[in-house]
Amino acid sequence: MSNVFWCTNCLNMSTRPRVSFDSRGWCNACQWMEEKRTLDWGARQQELRTLLHRHKSPNGRFDCVTTVSGGKDGSYVSYNVQHVHGMNPLAITVTPALALEIGNRNLRNFIDSGYNHLQVNADPTVMRILNREGFLLTGFPYFGWLMAMQAAPIRLAVNLGVNLIFYGEDGEVEYGGSTALKNKAIYDIDFMRKIYLEGGQDKVLKASNLPIEKLFFFMFPTEAELAGRTLEIAHWSYFESWDPYRNYLTAKEHCGLEEADASNSGTFTNFAQNDQALYALHTYVMYLKFGFGRATQDVGIEIRRGAMDREQGVQLVKLYDGHYPEEYIDLYLDYYGMTRAEFDAALDRWANTELFEKKSGRWTPTFEVQ
Amino acid sequence: MTSVKKRLIFTLLFNEDRFMLSRNFRLQQVGDIGWLEKNYNFRETALSIDELVILNVERNRESSERFRFHTQRLNDDCFVPIAAGGGVRSVDDARALLRSGADKVVINSILDSDPMSVEELASEFGSQCLVASVDAKRVDGVIRPFVENGSRLVDATLGEYLTRIANLPIGELYLNSMDRDGTGQGYDLELLDCLPDGLQVPVILAGGAGKPEHFSAALSDPRVDAVATAHLFNFVGNALELSRQRLLNDGMNLAKWNSQHLKRLASIL
Amino acid sequence: MSDAVVVIDYGMGNLFSVESALRYLGAEVTLSADPEVVESARQVILPGVGSFRLAMERLTARHLDEAIQRFVTRGDQLLGICLGMQLLGTASSEDGETAGLGIIPNRVDRFDDLLGVKVPHVGFNSITPSTASGLFANLPLSPDFYFVHSYRLAVNGMTSPHATCEYGETFLAAFDVGNVRGTQFHPEKSQSNGLQVLQNFLAA
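Protein chains in written order, with our numbering: chain A, 1 to 370; chain B, 371 to 639; chain C, 640 to 843.
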């Protein structure tokens, strides 16, 4: 426990998977923030234009796919691709389980602001099984959706003859983690399997015991399907300095984004991750595994964009982080078909006992943020 | 030569029993008075600020009584001046606030819609009791004033509007940037360029503070007499105390007092 | 005769803040507009915010002016705050010349616009007491207090214990004359320094 430490700039914790720190104690997300200030974005913008030009459709077909949820990031990318760069994107959403009312509204507002859009509703009963297995085996409560979110847009793109797919940011580089994509725009399915799905896909699929015909939206295209295509999967954060707050402002102005009335579970923001109820559980499990939750992530974003200093961040983390999603419990139990005891036992699996101890039935930190 | 100090002001936005965070004038609920007392330990926080502003941002009039209750409650822990406002239209509205513990009344929409009532308020309570609050943002590149909780554009530039209201019997000017509101991007110092020459009243700048550096940047400008923040998240816990300490250590001309001394005086008789 | 401090309620002044501060210090407080209650008290506070003329009219209409005079003559403790302090003077030029209670020989006039300072004087400013005892005991050097006023009492060469403040000119910030005290600043709004001054008054 005593070798746990925090970024000296932003409060990212040393337990964060794949995070690294420099001699000042700054995590790689903060180092990247500094680099972004002097990076030659002009050159990268040129690369973007070249990439887009290569894919631009001469005959009115969709020339790229953007992945959206109705939230600020996908909306920002779609807005830029369509209105700033004049491409013909198809925006694709994979419907999550336990979608929130405000998420649905925001998706509707996004579409209504003028986009071609495809909504993938993977069989919810299948998604539920995969979510449940994912929760039990990997600690990702929405693992099924995560698989579909990565795989389905690619499958559809391939079927529609589109070879360019934009995801928003590479969270590893932006928020602390692997720096593999810092200077690389394009990545591949292997990377997604290994990093974004943390290698858990095979194990979850096996445990689900589902036949392949149920899994079209949850599995990446095969080698055979991809033969003869140069599929390019890119993260927008390579081409432009990624700024979640700026994305929020743009989405508000151009895509009808609305905020929640009050802070979201486990944090102080109301304008991010508003689409699904399982996100609160995801960040709670993350908290149990690593010692940091949603508030820590949001604080990091605020500190890095200069809106808050570290001392202030500490107060907010102490106030909001690690919130047990009491307000959603009944929803979760019903969804997973678990009793409270089974659910808590599933959570117990993930609690890092070097960081937490159980007091009155609740995991409480044995560390103090500093 | 004057040794009047600059001020650090905290603004609370009240709506239906909840205190709110505002971002570009969109409201997010934060917590009720219990939350405030617990997380701001209001007795402690009040020791770090020069003044408290409480604004009722509720869009309907029924909240007045609840608002006055909260004003009174906050007054109990607070040995600095309190300015209260939100929907003040008449002498009666003002009197009700003053009797609830406010020392000053904040007026906004009536500066534009009913200047006569401003004269009435001044003659009843004194002009030093009136804080003129102006909300402004850029429209097509020009800074313009808004009234009615930022919903109605006034037919003037900010400069013209400020010149007009400077001629009314007001005590202070609370100038708020709608563009920067709640963004944590720092104050909009360009608003100060719209101040009329020879303005006779102190200027309180508001809108955009996220961290202590923002206070220093604004207070260093000679046109700014006070800074206000309504950022209920960023200054939670002892952040205001630390901000004040940092400002004083950097030589900023703020008032000094002793919190330990104040605590020792409790129930001393 | 009650032990409670009486705060005169004549419809002007932030009574609740004064009351709150006094209670914080552990004093019993009575708010009253009744001249008899005022007269029979041992300690009285005269608050005030707003127009001098209106204040004098109200005090006179309720016979509180007489009650205050008799109270002072008897030798019990009086504290005037802000406008309340000004009312103890001889006269004020606010709203046309108005006579005050004349308990101290200083008059009240507006800050001169030509002094190059903004009027009203608003905010915390430091005072210089002439002594470190009585009303001014236990205060740090150059203590800060909250002022909000456009009119002020001239110092007029006062020799009794008093405090001055600089704002374009030197004016009378407080005085401690026998059993009569006054503060231009608001002690109930001046954090630790203000409460100390109130405490000094209560202990007199």
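Ideal Cβ positions, reconstructed from N, Cα and C, are used throughout, including at glycine.
Straight through space, the alpha carbons of B/Q570 and B/R459 are spaced by roughly 24 angstroms.
Of all C-beta pairs linking the segment 797–809 of chain C to the segment 356–367 of chain A, fewer than three are shorter than 8 angstroms, placing the two stretches out of contact.
Only residues of its own chain outside the window of five on either side were considered, and among them F395, D505, K507 and M548 have a CB closer than 8 angstroms to the CB of B/G520, listed in chain order.
Counting along the chain, the unbroken beta strand (DSSP E) around B/S503 starts and ends at L500 to V509.
Taking the C-beta atoms as reference points, B/I419 is found nearer than 9 angstroms to B/R614. With contacts defined as CB atoms closer than 9 angstroms, C/K757 and B/D595 qualify as a contacting pair. By the C-beta density criterion, B/K581 is buried, having at least 16 other C-beta atoms within 10 angstroms. Taken through DSSP and simplified to helix, strand or coil, B/A526 comes out as coil. Within the segment 644–671 of chain C, the residues whose Cβ lies closer than 7 angstroms to some Cβ of chain B are N653, F655, S656, S659, A660, Y663, L664, G665 and A666, listed in chain order. The Cβ atoms of C/F750 and C/F824 do not sit closer than 9 angstroms to each other. Neighbours of B/G471 in chain C, taken as residues whose beta carbon is under 8 angstroms from its own, are N653, F655, S656 and S659 in chain order.
Taking each of B/L406, B/G401 and B/L467 in turn and checking the Cα distance to B/Q442, the smallest one comes out for B/L467. Distance from the Cα of C/F814 is smallest, within the candidate group C/S831, C/T767 and C/L834, for C/T767. Around the beta carbon of B/M486, fewer than 16 other beta carbons sit within 10 angstroms, so the residue counts as exposed. The alpha-carbon separation between C/E736 and C/V747 amounts to approximately 10 angstroms. Burial state of A/T283 is buried, judged by a 10 Å Cβ sphere holding 16 or more other Cβ atoms. Annotation for A/A227: no alpha helix (DSSP H) segment contains it, and DSSP assigns it neither H nor E. Just measuring C-alpha positions, the residue of C/H760, C/L753, C/V794 and C/G762 sitting nearest C/S769 is C/V794. Between C/Y790 and C/F763, the CB-CB gap reaches or exceeds 9 angstroms.
In the displayed model, C/P768 falls within a strand according to three-state DSSP. Inter-residue distance for B/F449 and C/R681 is about 25 angstroms (C-alpha atoms, whole angstroms).
Put simply, of A/E35, A/D63, A/Y196 and A/L288 the residue whose alpha carbon is nearest the alpha carbon of A/T15 is A/L288. With a cut-off of 8 angstroms on Cβ pairs, the segment 61–76 of chain A is in contact with the segment 93–108 of chain A, counting three or more such pairs. The DSSP-derived three-state label of B/V571 is coil. In the DSSP assignment, A/W363 falls within the unbroken beta strand (DSSP E) covering R362 to P365.
When rounded, the separation of the alpha-carbon atoms in A/Y328 and A/A277 is 7 angstroms. Residue-level contact by beta carbon fails for C/E705 and chain B, as no gap is shorter than 9 angstroms. Leaving aside the five residues that flank A/M147 on each side, the residues in its chain whose CB is nearer than 7 angstroms to its CB run, in chain order, L130, L197, Q201 and F218. The secondary-structure analysis by DSSP pairs B/R396 across a beta bridge with B/R393. The Cβ-Cβ distance between B/D387 and B/R436 falls below 9 angstroms. Following the DSSP letters along the chain, one finds C/H801 in no alpha helix (DSSP H) but inside the beta strand (DSSP E) bounded by residues H801 to E805. Interface with chain A (9 angstroms Cβ-Cβ cutoff): B/Q398 is included. A direct Cα-Cα distance of roughly 46 angstroms separates A/A262 from C/A643. Flagged as an interface residue toward chain A: B/Q555, by a C-beta distance shorter than 9 angstroms.
Cα atoms of A/D330 and A/E342: separation of roughly 13 angstroms, rounded to the nearest angstrom.
Between A/L48 and A/E169, the C-beta gap is not smaller than 9 angstroms, which leaves the two residues out of contact.
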